[in-house]
Every structure is written in structure tokens, then in C-alpha cells.
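Engineer: My questions will all concern the structure given below.
Numbering (this note's numbering), first residue to last: 14 to 201.
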């Protein structure tokens, strides 16, 4: 292999690593969005129970750690309190699955808004170096921002079909974000 080829490969490696993580996150969001479109009730129930079980496991871990210590003075009181709180939260999430359904659209909406704002900043910085080709990433980031706002407002405006709408918004955001990442990095 020539030295020129090796220099190009080494030079392009950080660029590939830089875009890999956001694309993986977007692919996960795409799968979640499609799953919400098809099986909204089941997916939210699974999320709620999974988080509840993780809380219960961590509570058990804290309880075991607390009671394994022989000396009462050396026992970690905050770990016991955390374990009790996680136990209560885990039982709550496993039995009250509707709670996650109420909160999830707000959390996803906020996440999408924050990600889109970062993409808008990137597009505006991209404008300085490439004034002719920053519009597509900016428009795609604005579409993502609109999707985030709709995720938050949709829960208030149309609660019955919100999870299908949430799934659609996540799918649109994921496609827009992947396109924005690939478009921005291709032109650098």
C-alpha cells in the first residue's frame, strides 16, 4: 500500500467515527418509530416494564450490598434509601404502564428538539465554509425541530392516536437527520 493511500485512510478515519455514532442513534430511533407506528401499545408497555425491571434489579443490588456489610456503622444508608426509591419506582412502572405512555412523547419531543437545534447550529456553521450548500442540512434540521414540537403538542392535541403520530415523527426525524449528517459530511 502506498504512503498516499495510507494517509487518506488515516485522515478519513476520524470523520467516519464522527458520523457513525449519530447514524447508529438515528437507526435505533428509526426502528423505534416504525415499531411505534405498527405496535404502539405493545412497545410502550414493553418499555415501561423493561425500565421497571431494571429499577427492581438495581434496587435488589443496593439491598444486597447494604445487608452484606456485617457492621451496622459501615452500612451505606444512601444506598438503602436509593434501593427503596428504586423498588417503589420499579413496582410503579411495572403496574402503571400508562405513566410511560403519558411521559414518553414529551421526552422524545424534547430529545428531538435538542438534536435538531444542534443540527441547525451545525448547518449555520457549515454555511461559513460552504455558503452554497448549507440550505439542505438547515431545512432538514428545521423539519426535525418541527417534528419535536409536534411530538410534545401532539400529546395534548390528539391523545388517542399520539403514539402512531409519535412513531411517524421519529421516522421523519431519523430520515432527516441521517440525510443531514450524510449531506453535511459529504461536502466537507
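Even glycine gets a Cβ: it sits at the ideal position worked out from N, Cα and C. Computed from a prediction, not measured in an experiment: that's the story for all the values here.
Going by beta carbon distance, what residues of the same chain come within less than 6 Å of residue 192, once the five residues before and after it are set aside?
Structural biologist: Once the five neighbours on either side are set aside, the close Cβ partners of residue 192 are 153.
Engineer: Report the option in 181, 196, 194, 195 whose CA atom is closest to the CA atom of residue 44.
Structural biologist: Checking every option, the nearest Cα to that of residue 44 belongs to 181.
Engineer: Between which two residues does the alpha helix (DSSP H) harbouring residue 132 extend?
Structural biologist: Per DSSP, residue 132 belongs to the alpha helix (DSSP H) from 111-142.
Engineer: Which of helix, strand or coil does DSSP assign to residue 147?
Structural biologist: Residue 147: coil per DSSP, three-state reduction.
Engineer: Closest to residue 151 by C-alpha separation, out of 137, 75, 63, would be which residue?
Structural biologist: When only C-alpha atoms are compared, the closest one is 137.
Engineer: Between the Cα of residue 130 and the Cα atoms of 160, 73, 75, which residue gives the shortest distance?
Structural biologist: Of 160, 73, 75, the residue nearest in Cα terms is 160.
Engineer: Provide the residue span of the alpha helix (DSSP H) that contains residue 101, from first to last.
Structural biologist: Start and end: 90-108.
Engineer: Is the separation between the beta-carbon of residue 179 and that of residue 155 shorter than 8 Å?
Structural biologist: No, they are not a contact pair.
Engineer: Considering only the beta carbon of each residue, do residue 92 and residue 78 sit closer than 8 Å?
Structural biologist: Result yes, Cβ atoms of residue 92 and residue 78 sit closer than 8 Å.
Engineer: Only counting the same chain, and skipping five residues up and downstream in sequence, which positions put a Cβ closer than 7 Å to that of residue 140?
Structural biologist: Excluding residues within five positions, the ones whose Cβ falls inside 7 Å are 147.
Engineer: Going by C-alpha distance, which of 42, 117, 184 is nearest residue 166?
Structural biologist: Residue 117 is the option with its Cα nearest to residue 166.
Engineer: Considering only the beta carbon of each residue, do residue 207 and residue 46 sit closer than 8 Å?
Structural biologist: Lying outside 14 to 201, the shown extent of the chain, residue 207 is not represented and no answer is given.
Engineer: Alpha carbon to alpha carbon, how far is residue 184 from residue 114?
Structural biologist: Taking the straight line joining both Cα atoms gives about 18 Å.
Engineer: Using 10 angstroms around the beta-carbon of residue 145, count the other beta-carbons present and answer buried if the total reaches 16, otherwise exposed.
Structural biologist: Looking at its Cβ environment, which holds fewer than 16 other Cβ atoms inside 10 Å, residue 145 is exposed.
Engineer: Between the Cα of residue 65 and those of 106, 112, 194, spot the shortest distance and give me the residue it belongs to.
Structural biologist: Answer by Cα proximity: 106.
Engineer: For a quick check, are the C-beta atoms of residue 194 and residue 59 less than 8 Å apart?
Structural biologist: Contact: no.
Engineer: Rounded to whole angstroms, what's the CA-CA distance from residue 48 to residue 38? Just pull it up for me.
Structural biologist: About 15 Å.
Engineer: Residue 158: buried (16+ other C-beta within 10 angstroms of its C-beta) or exposed?
Structural biologist: Its Cβ being crowded by 16 or more others within 10 Å, residue 158 is buried.
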